[in-house]
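Engineer:
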Amino acid sequence: MIPTPYHVRSRRPDRADTVTLTLEPVEGACPSFLPGQFTMLYAPGVGEIPISISGRARSGGYVQTVRAVGAVSRALCRARRGDVVGVRGPFGTHWELAAAHGLDVVVAAGGLGLAPLRPVIRELAAHGARFGRISVIVGARTPSTLMYPRELARWGRDFDVQVTVDHPDRAWKGPTGLITKLVGRIVFEPARTYAFVCGPEVMMRATAGELVRRGVPAGRIALSLERNMKCGIGRCGHCQLGPLFTCLDGPVLTYDKVADLLEVKQL
Amino acid sequence: MSKLAVWKLASCDGCQLTLLDCEDELLSVAARVEIAYFLEASSARGKGPYDLSLVEGSITTPDDLERIGHIRRVSRHLVTIGACATAGGVQALRNLADVREFASVVYARPDYIKTLDRSTPVSAHVPVDFELRGCPIDKRQLLEVIGAFLAGRRPVVPAHSVCVECKARGNPCVLVAHGTPCLGPVTQAGCGALCPAFNRGCFGCFGPMESPNAAALNALLRAAGMDDDALQRVYRTFNVTSFGGSSDA
Amino acid sequence: MEAAVLDTLDPLIGALRERGYAVVGPMVRDGVIRFAELDSAADLPVGRADEQAPGVYRLHERGELVFGFAASPDSVKRWTHPPRSTLFRMRDGVPEPAAVRAPKVALLGVRACDLAALAVQDRVFLGGRHPDEAYRERRAALFLIAVTCAVPGGTCFCASTGTGPRADSGFDLALTELTGPHRFLVEPGGERGAELLAALPSRPAGDADLETARGVGAAAEARMGRHLDLGGVRERLAEGRESPVWNEIASRCLTCANCTMVCPTCFCVTVEDGTSLDDGTAERTERWDSCFTLEFTELGGAPVRSSGAARYRQWLTHKFSTWFDQFGTCGCVGCGRCVTWCPAGIDIIEELERLR
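These protein sequences, in sequence, are chains B, D and Z.
Counting from 1, one number per residue, gives the positions in the first sequence under UniProt numbering.
Counting from 1, one number per residue, gives the positions in the second sequence under UniProt numbering.
Counting from 1, one number per residue, gives the positions in the third sequence under UniProt numbering.
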């Protein structure tokens, strides 16, 4: 439960309320991580929250995107280059990219859910030949809250990338409404498809449900769940979802393992 | 250095005194913040605006109303302290009766008295950044809130029941072990389970906990010998505006 | 070393103190029998007995036994998993682990259910991928003297959970209180216990002593306050998540968290972060938490389990169903504390029956 001190190597404001930090250990090297895993990020004296790892910087550090919603995330977003934060982890399960080899791939991200999926999309971009047809669908509240817009545009050259927003501004020319609508606008062979889904729980349930209806096996739909986490190591008990510790058994779980649990209100 | 101000409305001063009672820790506070306005401690009236204002007392007069508007305007963060400021206090008992009748009985010249019909919490009039409960407030919690606002973090002031602190402290439950009526299960923690530690029942001075089930507790309190009047009294003491309707009597 | 017979417990208490242990055992305090540091055997609650029922605990004078009572409000958890502990301090970007407080404590009068709870805690704290070293240290500093329950409480059901009333293992020494004449059968549970026993003025136990001791456990088993049929409970809870019973229980449940606080296996904690007002040193504290609080599941400013029904369901389902999935064992050891110390007297056995 003791955090390791990391330097904030760089800080890039993404959007009005999100900041992407590059973090490097004050001493030694970053432990390796797998896409989908998270760390417990500690703002000294303020508190600690789970944040997914969005990638590895060229320097070797973790790239992590934080949205300022509470006191801890606000403090992390305020961190300046050279500041020390604490890091524990990486923890949790990861996106099983190898399970998608040879299959069509659907990546569905809602809001900040694009952050944990970023390393997946980079992997798809780097090794496209290992997969079938690749589609990325993204939902955002407004055009201005859309994450990583420049990278999305770049990825759009490699595969089908579609974005929808709930509340368009005047300049918005793309689709509006729920991300589930985009599922009908991309091409994939359901029986031979693997899906990576991350976003608010209601978005993940709707998207996974839509994919299942179209014939994607539930065991090939991976979700990343979010619950209150205080420890990241299955000790504090907060993140339980039925028999699962979200921090140990998740956050990445296939839909067949959690569909029933997610149906139960307030579980 | 951050500037701190301490204000008083309709109240007994006990919560402000909690800050003076901090003694050793008060020096640490004074080292971190400029105590710019605190009439209970010093006649100096440092100029605003203030980074943190602690407000004691409820709104009971037209003058209070005016002052709280001013306090809000000159304060970056406004924290109310104590049952008066957060729930109207004991003086909110007037809310259940006719204040003019009281005034006519108490004062020789009731027409000199300018008072409002009701005693209300500060949050009923201006936005409040944090409410620290208690009658009086707890010293550790006060220091925690000051520290949290200085550090820009959320104060660790749990909203769960007194029972959590009571059991952590190692007290046996007075309701279970002695049949002593206790409001602990419906009352917010913060006092460190002070009364049960001395084999007394909790009388609810920190107000309702996050999800009070008063109806369920009342059945137990009745079984422990409290009648409707006693039930009403115990809920209508410190936190009338938040607890007052809990007696279902 | 074989079983032996002691006439009094003072030499045992003395020998433990000589070895640097604080001897903590049952005493009458605040109108209950609870664990506190003993000076001598005279502090033990001779002739005192507890009456336990759902939401009720009363102390009476009855008989002449030293251990004529059942589970105390506190369990061994207080020593192995204290209510509050500092984890680390951080100054100028350098974290310093806080020293683990693991005082040498001899717990005298630990019940079989509590030893079973310790075995459950071992799985929780030490069995996974991230063992808790502080727990390991505190646990290793304990000297455990079990006692066979002679008088089970009105809410006990360890015979149903297979965790008592006689302790088979997990202790340094086990006592069984015998009468006519009054004496204690002492059985060592390992080398440490055998070594201590060898240093005490005792006499070898005879067949009659052993036979009488077996009778004490058997009699207690027959007098168990409650019976729980565990068959199918795990599945019943996993399948009963939408049962209307949860709402009905919630109408009586105070969500006060007493049950989780007194439970000897409940392990949930939260952390509190802060900074000292003096020099800004950051500090993290771990403290007992409960699935009955709203903050426990707070996510994005709102609790996942906002209803009392959902919180009660989590507590009972975790204890009797998902605990198996997570730790390969039941989370309940039949001590009855959650039944006695629930101010509302909610009886988990009755509720499990109603969920059928």
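Beta carbons are placed, not taken as given, at the ideal position from N, Cα and C, and that holds for glycine.
Would you call the region 171–185 of chain Z and the region 229–242 of chain D in contact, with 3 or more CB pairs under 8 Å?
Structural biologist: Cβ pair count under 8 Å is below three, so no.
Engineer: Taking only beta-carbon positions, decide if Lys167 of chain D is within less than 9 Å of chain Z.
Structural biologist: Closer than 9 Å: yes.
Engineer: Can you name the residues of chain Z whose CB is closer than 7 Å to the CB of Pro31 of chain B?
Structural biologist: Those do not exist, as Pro31 of chain B stays about 14 Å from chain Z at its closest Cβ, beyond 7 Å.
Engineer: For a contact defined as C-beta to C-beta under 8 Å, what are the partners of Ala151 of chain D on chain B?
Structural biologist: Near Ala151 of chain D (Cβ distances below 8 Å), the residues of chain B are Gly45, Val46.
Engineer: Cβ closer than 8 Å: which chain Z residues qualify as neighbours of Ile2 of chain B?
Structural biologist: Correct list: Leu87, Phe88, Pro95, Pro97.
Engineer: What in chain B is Cβ-close to Arg154 of chain D, meaning under 9 Å?
Structural biologist: In chain order: Val46, Gly47, Gly70, Ala71, Val72.
Engineer: Please go through the same chain and pick out, in chain order, the residues whose beta-carbon is closer than 6 Å to the beta-carbon of Ile81 of chain D, but skip the five residues on each side of it.
Structural biologist: If we look at Ile81 of chain D and ignore the five residues flanking it on each side, its Cβ neighbours are Cys15, Leu54, Glu56, Leu132, Ile137.
Engineer: Take the Cβ of Val333 of chain Z as the centre, count every other Cβ of all protein chains shown within 10 Å, and call the residue buried at 16 or more, exposed below.
Structural biologist: The residue is buried, with at least 16 neighbouring Cβ atoms inside 10 Å.
Engineer: Please give me, in chain order, every unbroken run of the alpha helix (DSSP H) with length at least 4 that falls completely inside the region 120–171 of chain B.
Structural biologist: Complete alpha helix (DSSP H) runs here, min 4: 149–158.
Engineer: What did DSSP end up calling Ser247 of chain D once you bin it into helix, strand or coil?
Structural biologist: Helix, per DSSP.
Engineer: Quick check on Phe198 of chain D: buried or exposed, where buried means 16 or more other Cβ atoms within 10 Å of its Cβ?
Structural biologist: Result: exposed.
Engineer: Would DSSP call Ile349 of chain Z helix, strand or coil?
Structural biologist: Helix at Ile349 of chain Z.
Engineer: Using a Cβ-Cβ cutoff of less than 8 Å, which residues in the same chain neighbour Pro172 of chain D once the five nearest sequence positions on both sides are dropped?
Structural biologist: There are no such residues.
Engineer: Going by C-alpha distance, which of Z:Trp323, Z:Arg78, Z:Leu126 is nearest Arg234 of chain Z?
Structural biologist: It is Z:Trp323.
Engineer: With respect to the beta strand (DSSP E) encompassing Val8 of chain B, which residues constitute its N-terminal and C-terminal limits?
Structural biologist: Counting along the chain, the beta strand (DSSP E) containing Val8 of chain B begins and ends at 4–15.
Engineer: By DSSP, does Trp79 of chain Z sit in helix, in strand, or in coil?
Structural biologist: In this structure, Trp79 of chain Z counts as helix in the three-state DSSP scheme.
Engineer: Is Ala79 of chain B close to chain D? Criterion is C-beta to C-beta, closer than 9 Å.
Structural biologist: No, because no Cβ of chain D sits closer than 9 Å to the Cβ of Ala79 of chain B.
Engineer: How about Asp132 of chain Z: is its C-beta nearer than 9 Å to some C-beta of chain D?
Structural biologist: By this cut-off, Asp132 of chain Z is not an interface position.
Engineer: Can you tell me whether DSSP reads Glu242 of chain Z as helix, strand or coil?
Structural biologist: Glu242 of chain Z: coil per DSSP, three-state reduction.
Engineer: In the DSSP assignment, find the unbroken beta strand (DSSP E) run with Arg100 of chain D in it and report its ends.
Structural biologist: Unbroken run through Arg100 of chain D is the alpha helix (DSSP H), 99–106; no beta strand (DSSP E).
Engineer: Is there at least one non-hydrogen atom of the ligand GDP closer than 8 Å to the beta-carbon of Gly242 of chain B?
Structural biologist: Absence of the ligand GDP from the depicted structure is noted, as is the absence of any ligand whatsoever, leaving it without description.
Engineer: Is Val183 of chain B closer than 9 Å to Arg214 of chain B when the C-beta atoms are compared?
Structural biologist: Cβ atoms of Arg214 of chain B and Val183 of chain B: closer than 9 Å.
Engineer: Taking only the alpha-carbon atoms, compute the straight-line gap between Gly280 of chain Z and Leu87 of chain Z and give it to the nearest angstrom.
Structural biologist: Cα to Cα, Gly280 of chain Z sits roughly 17 Å from Leu87 of chain Z.
Engineer: List, in order along the chain, the chain Z residues whose C-beta lies closer than 7 Å to that of Ser211 of chain D?
Structural biologist: Chain Z residues near Ser211 of chain D: Thr255, Leu294, Gly308.
Engineer: Helix, strand or coil for Asp273 of chain Z, going by three-state DSSP, please let me know.
Structural biologist: If DSSP states are grouped into helix, strand and coil, Asp273 of chain Z belongs with the strands.
Engineer: For the pair the region 213–233 of chain B and the region 126–138 of chain B, tell me if three or more CB-CB distances fall below 8 Å.
Structural biologist: These segments do not touch.
Engineer: Flag Leu220 of chain D as yes if its beta-carbon sits less than 9 Å from any beta-carbon of chain Z, otherwise no.
Structural biologist: Yes, its Cβ sits closer than 9 Å to a Cβ of chain Z.
Engineer: Going by CA-CA distance only, name the one from B:Val258, B:Cys236, B:Pro168 that's closest to Gly209 of chain B.
Structural biologist: Checked all of B:Val258, B:Cys236, B:Pro168; the closest Cα to Gly209 of chain B is B:Val258.
Engineer: Return the chain-ordered list of same chain residues with a C-beta closer than 7 Å to the C-beta of Trp172 of chain B, the five sequence neighbours on each side being excluded.
Structural biologist: Cβ within range, chain order: Pro143, Val165.
Engineer: Taking the C-alpha atoms as reference points, what is the distance between Gln37 of chain B and Glu123 of chain B?
Structural biologist: C-alpha separation (whole angstroms): 15 Å.
Engineer: Using C-beta distances below 7 Å, list every residue in its chain close to Ala41 of chain Z, excluding the 5 sequence neighbours before and after it, in chain order.
Structural biologist: Closer than 7 Å at the Cβ level, and outside the excluded window around Ala41 of chain Z, lie Thr8, Leu9, Asp10, Ile13.
Engineer: Could you list the residues in the region 178–191 of chain D with a C-beta less than 9 Å from some C-beta on chain Z, going in chain order?
Structural biologist: Those would be His178, Gly179, Cys182, Gly184, Pro185, Val186, in chain order.
Engineer: Taking all protein chains shown into account, decide if Arg170 of chain B is buried (16 or more other Cβ within 10 angstroms of its Cβ) or exposed.
Structural biologist: Classification of Arg170 of chain B: exposed, given that the 10 Å Cβ count is below 16.
Engineer: In this structure, what does DSSP give as the bridge partners for Phe245 of chain B?
Structural biologist: Bridge partners of Phe245 of chain B: B:Gln240.
Engineer: Can you confirm whether Leu194 of chain D, when its beta carbon is compared against all beta carbons of chain E, has any partner nearer than 9 Å?
Structural biologist: The chain labelled as chain E is not found among the protein chains of the depicted structure, namely B, D and Z.
Engineer: Quick one: which chain D residues come within Cβ less than 9 Å of Ala344 of chain Z?
Structural biologist: Residues of chain D passing the Cβ test: Pro185, Asn213, Ala216, Leu217, Ala219, Leu220.
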